[in-house]
Amino acid sequence: MTQILDNISLQPFNSFGIHALAKHFCKVTSLNEMQELLEWNKTNNHPLLVLGGGSNVLFTKDYDGLVLQNALKGIELVNEDNEYYFVKAMAGENWHQFVSHCVQQQYQGIENMSLIPGNIGASPMQNIGAYGIEIKDVFESLEAIQISDGSIVSFDNKACGFGYRESVFKHQLRNQFIILSVVFKLRKTPIFNISYGNIEQELMNMNVKQLTIQSIADAVIRIRQRKLPDPTKIGNAGSFFKNPIIPTVLYNELKKAYASIPGFAVQNGSHTKVPAAWLIEQTGWKGFRAGDAGCYPLQPLVLVNYGHATGVEIFNLSTQIIEKVKDEFGIELEREVNIY
């Protein structure tokens with residue numbers, strides 16, 4: 008069986024760079040190893056945490072259980088028809104590297120999600136998205152292992168129950184499955200989406216005359232690198248908060264008091280998505296720093312560890328931000344990052 012390590016620091020395995028100890032830790036590189044480990048844990052009965060890229064977690068204390076690092080690797084074209092390529096990626100593959108591979112191969116549909124941190128396995132769990140595209144738009148199916156009995160189960164798009172940064176794996180089926188692989192449905196004939204954010208302006212700045220999958224990926228990468236801190240230099244987990252979706256009636260009321268409040272109609276106009284970054288900036292948190300915990304000056308949606316912040320300090324800062332935004336706007340921000 009694969010080696011189980013004891014009392015291992017999780018600092019190298021989370022993008023916040025937070026020090027926390029795992030009672031047991033095991034890196035899994037094959038399905039056989041995973042099945043053996045789950046069988047071992049059935050006997051030993053430890054709490055189980057599955058870790059991928061560690062880019063969407065905040066450790067506020069040591070983990071008194073087994074941390075399983077899902078390191079299953081591999082990318083393959085499993086099928087194609089007249090319109091689509093069906094590309095399978097194992098859960099331990101890095102998301103951005105997978106996007107870059109698809110861009111190079113001219114598989115179109117995920118280039119807007121370039122440079123999102125993390126691994127493939129987390130992408131359907133979170134229904135990750137950026138610049139007008141979400142996983143649910145390109146998702147064909149996934150395979151997952153049931154923790155209780157080691158059986159392999161397939162999920163199609165509908166079975167995943169995708170919502171805004173949501174899926175059944177975050178709620179109804181939380182802690183019941185480990186995602187093994189995902190099949191993506193990517194176009195042969197591109198249908199580009201450059202209407203969201205600053206992509207169109209960035210393409211103009213780049214003097215792009217002919218839209219390509221590569222040029223859009225390059226534009227997204229340039230924008231993200233300007234706005235977001237590199238986790239290898241400043242600890243962070245990307246967007247810490249979700250953009251709140253509120254009834255349009257409430258949004259219109261807020262608009263009377265705050266004329267500049269931005270919003271994007273969703274759900275056929277019944278609701279409006281409000282940028283959390285704007286709410287956080289308006290309440291004075293942008294660029295705030297207490298010790299080594301801070302709110303990033305170029306993108307207030309991102310909380311950062313400037314060096315030696317604890318998970319508790321980051322968490323407490325997020326609580327203060329949530330309270331201040333609620334007091335000012337009556338909107339309760341929700342954390343996107345998983346707290347342990």
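Whatever position you read off the sequence shown (first residue = 1), add 7 for our numbering.
Note that CB positions come from ideal geometry on N, CA and C, so glycine has one too.
| query | result |
| --- | --- |
| Residue from N126, K192, N275 with nearest C-alpha to E90 | K192 |
| Unbroken stretches of the beta strand (DSSP E), 3 residues or longer, contained in the stretch 173 to 242 | 184 to 194 |
| Where the alpha helix (DSSP H) containing T326 begins and where it ends | 318 to 336 |
| N- and C-terminal bounds of the alpha helix (DSSP H) containing N39 | 38 to 51 |
| Extent of the continuous alpha helix (DSSP H) run through S130 | 129 to 133 |
| Same chain only: Cβ atoms within 6 angstroms of G318, ignoring 5 sequence neighbours per side | I25, L65, F66, T67 |
| P54 beta carbon less than 8 angstroms from that of G81 | no |
| Beta bridge counterpart(s) of M97 as assigned by DSSP | S188 |
| C-alpha distance - L149 paired with G298, whole-angstrom precision | 42 angstroms |
| Close-in-space but distant-in-sequence residues of the same chain around T9 (CB under 8 angstroms, 5 per side omitted) | C33, K34, V35, T36, E40, E43, L44 |
| Neighbourhood of P304 by C-beta, 8 angstroms cutoff - its chain only, sequence neighbours within 5 removed | K293, G294 |
| Beta-carbon proximity of I127 to A96, cut-off 8 angstroms | yes |
| Start and end residues, alpha helix (DSSP H) containing V106 | 102 to 111 |
| Pair within 8 angstroms by beta-carbon distance, G59 and G125 | yes |
| Paired residues, beta bridge with S148 - DSSP | D163, V190 |
| Beta-carbon gap between Q133 and N63 smaller than 8 angstroms | yes |
| Candidates D13, F248, A300: closest to I241 by CA position | A300 |
| Limits of the alpha helix (DSSP H) - the one that T255 falls within | 255 to 264 |
| Whether L84 touches L187 by CB criterion (8 angstroms) | no |
| Selected residue, minimal CA-CA separation from L310, among K216, E335, I268, P238 | P238 |
| Buried or exposed by the 16-neighbour rule on C-beta atoms within 10 Å, applied to Q179 | exposed |
| Validate contact between the stretch 250 to 260 and the stretch 223 to 237 using beta carbons, cut 8 angstroms, 3 pairs | no |
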